[in-house]
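Numbered per the numbering used here, the sequence shown finishes at 226, counting up by one with no gaps.
In this text, a Cβ means the ideal position worked out from N, Cα and C, and glycines have one as well.
Since we're looking at a predicted model, the values are computed, not measured.
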Amino acid sequence: MALLVDGEEEMRLCVRIALHAEGALVRESPTMRKASIDVGTMRPDLVILNLMSPDGGSDFIRELRQWCGIPVIVLSANVAEAHKVQVLDAGADDCLTTPFGIPELLARVRATLRRRHAPAGHHESFRFGEIEVDLSSRIVRRCGEAIHLTRVEYRLLELLVANAPRVLGHRSILKEVWGPSRVEHSHYVRIYMERLRRKLEANPARPRHLLTETAVGYRLTA
């Protein structure tokens with residue numbers, strides 16, 4: 005899913021049609037303020053941000069990077085090299101000058117998503133017990149059989165895998181998976197950890213891998 009952040013309705017329509025033609029699900033935020041909330045609640049795979057002023061948006065990107073690694077493609081009418089450097093240094097993954105061709109935009113979206121989903125280093129999968137997490141295809145298997153996880157369940161598991169066997173605190177998990185507006189909702193983590201255990205642990209009541217660290221958080225051990 006792509007989140008399109010743009011105050012210009014005509015531009016949103018153009019980009020939305022192009023992404024729909026590629027089979028992408030698109031959600032729209034007309035302002036950066038709303039986008040900050042939508043990123044946390046929707047957890048998109050990509051943010052496309054159309055900057056309406058020469059230096060606008062850098063603060064939005066910096067704030068996003070404090071808690072989230074979702075890739076950001078910036079669309080901007082500012083052709084100055086210094087401006088592109090500014091938004092890239094703020095944390096954007098790519099910057100495309102308007103006007104642009106739709107084929108180029110789609111190519112950059114594909115390239116950005118390939119980098120996003122590429123496994124780190126040579127670790128293409130992670131195993132624990134009877135479970136294999138295929139990081140390149142985002143598929144989870146038990147004894148070779150695929151297991152369905154919701155978007156949030158997979159994001160939580162992916163976070164635990166990336167940090168295994170380190171303990172992650174409740175607030176850290178909430179911030180990464182649900183966004184900074186949900187850091188006080190600790191019951192979210194408990195509910196979704198119970199769901200993961202029912203799907204992935206041989207005995208959910210006595211987990212061996214998805215472990216609770218009392219009053220601290222959770223960790224994954226292989």
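In the DSSP assignment, the alpha helix (DSSP H) including residue i goes from what residue to what residue?
i      : result
Glu14  : 13 to 25
Ala39  : 36 to 46
Val4   : Because the chain in this structure spans residues 5 to 226, residue 4 falls outside the shown range and cannot be described.
Leu153 : No alpha helix (DSSP H) holds Leu153; DSSP gives it neither H nor E.
Arg175 : 174 to 181
Starting from residue i, trace the beta strand (DSSP E) both ways and give me its first and last residue.
i      : result
Asn54  : 50 to 54
Val137 : 135 to 138
Val9   : 6 to 9
Thr216 : 214 to 217
Please report how far the alpha carbon of residue i lies from the alpha carbon of residue j, in whole angstroms.
i      : j      : result
Ile52  : Glu128 : 27 angstroms
Pro103 : Cys18  : 12 angstroms
Pro184 : Leu200 : 22 angstroms
Glu85  : Arg175 : 38 angstroms
Gly105 : Gly61  : 22 angstroms
His126 : Ser140 : At His126 the pLDDT is 44, less than 50, meaning the model places this residue with poor confidence and gives no usable figure here.
Leu117 : Leu29  : 14 angstroms
Asp93  : Asn207 : 47 angstroms
Ile41  : Ile195 : 22 angstroms
His24  : Leu153 : 24 angstroms
Ile21  : Thr218 : 49 angstroms
Thr143 : Arg155 : A small fix is needed here, since residue 143 is Ile in this sequence, not Thr. Approximately 11 angstroms, taken between the alpha carbons.
Ala115 : His191 : 37 angstroms
Ala166 : Val137 : 11 angstroms
Using a threshold of 8 angstroms, state whether the C-beta atoms of residue i and residue j are closer than that.
i      : j      : result
Ala150 : Leu224 : no
Leu7   : Met46  : yes
Arg212 : Gly133 : yes
Met5   : Pro48  : yes
Met197 : Leu214 : yes
Leu227 : Leu100 : What the structure shows of the chain is the stretch from 5 to 226, and residue 227 is not part of that stretch, so it cannot be assessed.
With DSSP run on the structure shown, which of helix, strand or coil describes residue i?
i      : result
Asp93  : helix
Leu29  : coil
Ala166 : helix
Asp98  : strand
Phe130 : strand
Pro58  : Residue placement at Pro58 is flagged as unreliable, the pLDDT there being 46, under the threshold of 50; the coordinate-derived value follows with that caveat. In this structure, Pro58 counts as coil in the three-state DSSP scheme.
Val76  : strand
Thr116 : helix
Arg66  : helix
Ala111 : helix
Roughly how far, in whole angstroms, is the beta-carbon of residue i from the beta-carbon of residue j, given that I think they are within contact range, below 8 angstroms?
i      : j      : result
Leu178 : Val193 : 6 angstroms
Ile77  : Val113 : 7 angstroms
Arg66  : Gly95  : 6 angstroms
Trp71  : Glu157 : In fact, because the Cβ distance is near 20 angstroms, the residues do not count as touching under 8 angstroms.
Pro75  : Leu50  : 5 angstroms
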